[in-house]
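Novice: Okay, here's the structure, questions in a sec.
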Amino acid sequence: MNLIWIAWELDRLRWVPTGVLADVVSRDGLCIGAFTDVPPWGDEEMTDRELAARMCAGCPVRDECLELELRTAGADTVGVWGAMAAEDRRELYAHWLRRGERAERGPCS
Ligand code: SF4
0 MNLIWIAWEL
10 DRLRWVPTGV
20 LADVVSRDGL
30 CIGAFTDVPP
40 WGDEEMTDRE
50 LAARMCAGCP
60 VRDECLELEL
70 RTAGADTVGV
80 WGAMAAEDRR
90 ELYAHWLRRG
100 ERAERGPCS
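Shown next as structure tokens:
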């Protein structure tokens, strides 16, 4: 998992207002309202990484969900969001904070 690449990919959402991200995720998120009861895999033992891969597979708003969680929870994030486990998002967070710096600094001399 290349966290620097993921952070740069999320940079395209940098100027999207947080409220818009929240609306998109709550409207189109695969897990939102998908499970009115225990999900099909609810009784299986799995790590958060496995759960993220399973639950978020095919979700059309994974990047928006991840961007939203990084903005709102930052390093205090818990659970599965944006197809990532909390430990991976905490590691990503440092890269996410630095995204775009190179572009803002301008060309190297
Ligand atoms: S990325 Fe995962 S946690 Fe986020 S809305 Fe989609 S299914 Fe839910």
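For the sequence shown, numbering that gives the first Met the number 0 gives the first residue as 0, with consecutive numbering after it.
Beta carbons: idealized from backbone N, C-alpha and C, even for Gly.
Buried or exposed: which applies to residue 87, given that a residue is buried once 16 or more other Cβ atoms fall within 10 Å of its Cβ?
Specialist: Under this definition residue 87 is a buried residue.
Novice: What does the Cβ neighbour count give for residue 68, buried or exposed, with the cut at 16 atoms within 10 Å?
Specialist: Label assigned to residue 68: buried.
Novice: Quick check: is any heavy atom of ligand 1 less than 6 angstroms from the C-beta of residue 20?
Specialist: For ligand 1, not one heavy atom lies less than 6 angstroms from the Cβ of residue 20.
Novice: Any heavy atom of ligand 1 closer than 6 angstroms to the beta-carbon of residue 24?
Specialist: Within the cutoff, so yes.
Novice: So, at 6 angstroms on beta carbons, what are the nonlocal neighbours of residue 12 in its own chain, with the 5 sequence-adjacent residues on each side left out?
Specialist: Once the five neighbours on either side are set aside, the close Cβ partners of residue 12 are 66.
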